[in-house]
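First up is the structure itself, then whatever we jot down about it.
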Amino acid sequence: MKRVFNNRKIILVLLVLTITFSLVACGNKEENMDDTESEKTRLSYEDDFGRMISLDKYPERIISLSPSNTEILFALGLNDEIIGVTEYCDYPEAALEKETIGGFDKSDAEKIISLKPDLVIGSGDPNERLESILRDADIPTLSYDSKNIEEIISQIERIGEITNRSKEAEELTKEMKNRRDAIVEKVKDQEKIRVFYEVWPDPLTAAGKGSFMDELIELSGGDNITKDSKKAYPEIDPELLIDRNPEIYLTTMHNAEKEMDEIKERPGYHSIDAIQNGRIYFLDSNIASRPGPRIIEALEMVAKKIHPQVFED
1 MKRVFNNRKI
11 ILVLLVLTIT
21 FSLVACGNKE
31 ENMDDTESEK
41 TRLSYEDDFG
51 RMISLDKYPE
61 RIISLSPSNT
71 EILFALGLND
81 EIIGVTEYCD
91 YPEAALEKET
101 IGGFDKSDAE
111 KIISLKPDLV
121 IGSGDPNERL
131 ESILRDADIP
141 TLSYDSKNIE
151 EIISQIERIG
161 EITNRSKEAE
171 ELTKEMKNRR
181 DAIVEKVKDQ
191 EKIRVFYEVW
201 PDPLTAAGKG
211 SFMDELIELS
221 GGDNITKDSK
231 KAYPEIDPEL
241 LIDRNPEIYL
251 TTMHNAEKEM
261 DEIKERPGYH
271 SIDAIQNGRI
281 YFLDSNIASR
291 PGPRIIEALE
301 MVAKKIHPQV
311 FED
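Its first residue numbered 1, the sequence shown is counted upward by one per residue in my numbering.
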């Protein structure tokens, strides 16, 4: 009887020890899982200028320093997370309801800091003064510098990653690629047409190689007459324009009727095919020049001006 009792006692002790070790193991496992989760939420990102930032969580308070980034953020469904935009951010309409933090070169650093963002996203060359102030305030800042459709698509995917909207970014960029490819397919067999895009009238400035419009013209089945320039936006001699004789004249839309007459009345322009045939077209600059989701709308807009016949169905 005594031996049976001792055996039971030993079994009981072993059972207690087993349970204890199991609890300790589970505790260590949970602790390791917490460490893993912590590592997962410590997010590191690099922008187009080689600057790195680290975040402990996905941003919940975002400020956009450019209209294109504002359009991207809204397209990814980040309405609630956007707490500040520039005074030029006018699309979508919901952007007009957001707090404004100034313009491109005159962003109000104090206003930005007061809004307590956990991420600021800019475009183009960083504003060193603003960057320095935000860095001292420990506010993570990124800037992108997309120059063509593929880079815009990559930018959207990267912003989707940093904002926990990768799925939305994938769906958006897939739609953009499909629309782009469909437009290119429509115009691929059409004869190339000489096209000029006026960026600015005085001095006469064109869209050259490396500009958004150069790519849009080429994808649309056009032949950009200033594609041989060494700059993205070169100043050109009007005589060169007249000599290269574009069949289509594109420019941005302000006061179309007034500007149409002004273009027609420029010295020597009467001999240009586009002027003689009334093929002067004014484009919405907000759509045509912003490196955001609507760049595919710009592509379709240009393609319809160059080869309208293939879009009649």
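The beta-carbon is built from N, C-alpha and C at its ideal position, and this holds for glycine as well.
Residue burial classification, residue i (beta-carbon count within 10 angstroms, cutoff 16)
| i | result |
| --- | --- |
| F311 | exposed |
| A303 | buried |
| S229 | buried |
| R135 | exposed |
| M176 | buried |
| G103 | exposed |
| N127 | buried |
| Q309 | exposed |
| S132 | exposed |
| P293 | buried |
| R129 | exposed |
| M213 | buried |
| P234 | buried |
| N277 | exposed |
| H270 | exposed |
| G50 | exposed |
| P92 | exposed |
| A94 | exposed |
| N178 | exposed |
| S123 | buried |
| D48 | buried |
| E171 | exposed |
| S220 | buried |
| S54 | exposed |
| E262 | exposed |
| K186 | buried |
| A207 | buried |
DSSP-derived helix/strand/coil call for residue i
| i | result |
| --- | --- |
| A75 | helix |
| Y249 | strand |
| L241 | helix |
| E235 | strand |
| I287 | helix |
| Y45 | strand |
| L55 | strand |
| H307 | coil |
| A206 | strand |
| N28 | In this predicted model, N28 has a pLDDT of only 49, less than 50, meaning its place in the structure is not dependable; the value taken from the coordinates is given anyway. DSSP places N28 in helix when its eight states are reduced to three. |
Residue nearest to residue i in terms of C-alpha spacing, selected from the options
| i | options | result |
| --- | --- | --- |
| E110 | G84, V199, E215 and L241 | G84 |
| E46 | R165, E161 and G210 | E161 |
| Y144 | T70, G77 and P267 | T70 |
| N148 | H307, P291, I306 and S123 | P291 |
| I306 | E93, S285, E185 and L250 | L250 |
| I101 | T86, A94 and E93 | T86 |
| L241 | E215, F282, E198 and A75 | E198 |
| L73 | E262, I121 and A288 | I121 |
| E239 | G268, I217 and K231 | G268 |
| S114 | I139, D90, E93 and Y91 | I139 |
| Y88 | E99, D80, L78 and N79 | E99 |
| L283 | I236, A232, I217 and P246 | I217 |
| M253 | A288, I275, E247 and N245 | A288 |
| L65 | D243, L119 and I280 | L119 |
| D237 | E151, T205, S107 and S166 | T205 |
| P246 | K258, D223, E259 and A232 | D223 |
| D125 | I280, A137 and L142 | L142 |
| M52 | E60, P59 and L43 | L43 |
| G68 | D261, K258 and N286 | For clarity, residue 68 is Ser in the given sequence; the question names Gly instead. Minimum Cα distance to S68 is reached at N286. |
| I63 | I112, A182 and S54 | I112 |
| E300 | K116, E168, I225 and E215 | E215 |
| L324 | A298, K209 and N79 | Residue numbering for the chain in the displayed model covers 1 to 313; residue 324 lies beyond these limits and cannot be assessed. |
| G77 | K174, E259 and E168 | E168 |
First through last residue of the alpha helix (DSSP H) which encompasses residue i
| i | result |
| --- | --- |
| G160 | I149 to I162 |
| S64 | S64 -> not in any alpha helix (DSSP H); beta strand (DSSP E) instead, spanning I62 to S64. |
| I217 | F212 to L219 |
| E87 | Careful: E87 lies outside any alpha helix (DSSP H) and carries neither H nor E. |
| A95 | No alpha helix (DSSP H) holds A95; DSSP gives it neither H nor E. |
| E168 | S166 to V187 |
| I112 | A109 to S114 |
| I275 | D273 to Q276 |
| E131 | E128 to D136 |
Range of the contiguous beta strand (DSSP E) that encloses residue i
| i | result |
| --- | --- |
| F282 | I280 to L283 |
| V195 | I193 to W200 |
| I82 | I82 to G84 |
Sheet register partners of residue i (DSSP bridge)
| i | result |
| --- | --- |
| S143 | G122 |
| N224 | V195 |
| T70 | Answer is none; T70 lacks a bridge partner. |
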